[in-house]
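Protein chains in written order, with our numbering: chain E, 4 to 286; chain X, 4 to 238.
Here is the structure:
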């Protein structure tokens, strides 16, 4: 039971890392970024590549974060900026970008799946009585908690966090107060992309293999999380990601036939009962 | 008296509509300049054009002799122009404190003194310091919007219809705040409430159908029944 819970929490944290970036980009900035999963996949590939080159998992994480930041900058500057405020154009152009990012992975890293494993110090498990805690899963949970705490603190307690929240409510007024909102949104986009890339590199040793289309599979989960948690609600995203992670783990064990449908069912129930999401504000 | 702001024959479109078709006025340092006119005449668009929110297509806007027409809104604000929009522009999900904090460009003594002055003038803001802006009354939102614009050392404040929809007692309070601010800064005020405009204004410009048509000092306007009837609809 406890093992299932830890599995569920670790999966939930990975989904949270991907969804957290999307919460910022989709929920706060109102940009429908279907290429978000592509950044996740690029984070995984670049991280695994750096790990292979350096043998350092810390460097792999740094490499993935840098990849996310650079790709986030290029995407926002050249793809997203011209389509702010236009959802249809955003869907079309980011879906196109998603395909380009996936295909580019095949060009750069080859079309086959790549095997990934955790570093030695994160391999293996701890035995506590009857409970086996896999080290790498505990590590993912720890990173997820740290990222959540950091972003939550920044959004609530710093001027940049205030600016992001205010910018979502009234862009004009933020600018009239002397703040360059374009720069702020670019920064948010880069941070969101870096979080997706971090999720990707952490997923790689967890699932054991990475593949070019992995981004699309996880992006759907991330959108479900944002919808269930409430648009732009960071705490909501964490809660929803945990819910999806845990329900997936328990369903796979107890009712395997329903394990694939459970996410969609959860989203459908939330949309019927509380369309603005569990933590979303009315309006 | 030196000219702080010079608006020269500006033209502004919103979508396909040609809203401003030649608005010109000068704002002297230390004065309250009032823009008057009927609903839809172009007063609000004039202020928004100065802020770069509805950019002009022709004409010039000069602040202290520098052309600011082509600058972005945030750059214009950083030149020392504070803006109190018609809808007050309060961030509803942020607290009163956070609304003030986001506007604060410096945390020096002068800024803290100005904050103190505003909290003394509008004690409600102190009472509801931790309350979300969205839950304030219309009058309290207006107070917050004015206090927020006054917080930084702005040379010029653009205030759009601060008395709109407010109870007379709150209007008095807002008037009082404008009189206080007048000692330290220059103000352009858009106002429909003629009594308030008379109470605080020095110079007036009448905007009609997107053009500036008349100007003079407020006292002259008070005595000119024909002008008031023709452009402002008051006898």
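C-beta: ideal position from N, C-alpha, C; glycine also.
Asked	Found
Backbone secondary structure at residue 109 of chain E - three-state DSSP	helix
Buried or exposed (CB count within 10 angstroms, at least 16 for buried), residue 103 of chain E	exposed
Against chain X: residues of the segment 152–169 of chain E by CB proximity under 8 Å	162, 165, 166, 168 and 169
Local conformation of residue 70 of chain X per DSSP, three classes	strand
Start-end ranges of the alpha helix (DSSP H) lying completely within the segment 165–227 of chain E, minimum 4 residues	174–179 and 184–210
Buried or exposed (CB count within 10 angstroms, at least 16 for buried), residue 116 of chain X	exposed
Which listed residue (X:130, X:189, X:14 and X:187) has its alpha carbon closest to that of residue 57 of chain X	X:14
Nearest-angstrom beta carbon gap, residue 210 of chain X and residue 26 of chain X [assumed within contact, 8 Å]	6 Å
Residue 158 of chain E versus residue 236 of chain X - alpha carbon distance	49 Å
Ranges of the alpha helix (DSSP H) found wholly within the segment 102–132 of chain X, counting only runs of at least 4	112–124 and 126–130
Beta-carbon proximity of residue 188 of chain X to residue 160 of chain X, cut-off 7 Å	yes
Test: residue 286 of chain E CB closer than 7 Å to a CB of chain X	Since pLDDT at residue 286 of chain E reaches only 43, below the 50 mark, its modelled position is unreliable, and the value read off the structure follows with that caveat. Not an interface residue.
In DSSP terms, what residue 86 of chain X is bridged to	X:161
For residue 241 of chain E, the first and last residue of its enclosing alpha helix (DSSP H)	237–257
Sequence-distant residues of its chain with Cβ nearer than 7 Å to residue 16 of chain X (five each side left out)	22 and 60
Chain E within 7 Å of residue 106 of chain X, Cβ atoms only	yes
Chain-ordered residues of the segment 172–186 of chain E with a beta carbon less than 8 Å from chain X	172, 173, 175, 176, 177, 178, 179, 180, 181, 182, 183 and 184
Residue 81 of chain X: contacting residues in chain E (beta-carbon distance under 7 Å)	181
Beta-carbon contacts of residue 64 of chain X that lie in its chain and below 8 Å, excluding the five residues immediately before and after	8, 9, 10, 11, 13, 52, 53, 70, 71 and 72
Contacting residues, own chain, Cβ-Cβ under 7 Å from residue 38 of chain E (five flanking each side not counted)	78, 97, 100, 101 and 104
In chain order, each beta strand (DSSP E) run of at least 3 residues that lies wholly inside the segment 18–77 of chain E	none
Under 8 Å from the C-beta of residue 33 of chain X: neighbouring residues of chain E	Those do not exist, as residue 33 of chain X stays about 23 Å from chain E at its closest Cβ, beyond 8 Å.
Whether residue 232 of chain E touches residue 282 of chain E by CB criterion (7 Å)	yes
Reference residue 15 of chain E, options E:261, E:249 and E:266, closest by Cα	E:249
Beta-carbon proximity check, residue 201 of chain X vs residue 221 of chain X, cutoff 7 Å	yes
Three-state secondary structure (DSSP) of residue 87 of chain E	coil
Option nearest residue 46 of chain E by Cα separation, candidates E:213, E:226 and E:236	E:213
Residues near residue 120 of chain E in its chain [Cβ-Cβ closer than 8 Å; skip 5 each side]	126, 208 and 211
Whole-angstrom distance between residue 86 of chain X and residue 156 of chain E, CA atom to CA atom	30 Å
8 Å CB neighbourhood of residue 114 of chain E in its chain, flanking five on each side removed	215
Beta-carbon separation (whole angstroms), residue 106 of chain X vs residue 180 of chain E, contact threshold 8 Å	5 Å
Residue 200 of chain X, DSSP secondary structure in three states	helix
Contact with chain E by residue 56 of chain X, beta-carbon distance below 7 Å	yes
Proximity test, residue 199 of chain E beta-carbon vs the ligand MG heavy atom, cut-off 6 Å	As presented, the structure is devoid of all ligands, the ligand MG included, so that no description of it is given.
Proximity test, Cβ basis, 7 Å: residue 76 of chain X and chain E	yes
Chain E contact for residue 164 of chain X (CB, 7 Å cutoff)	no
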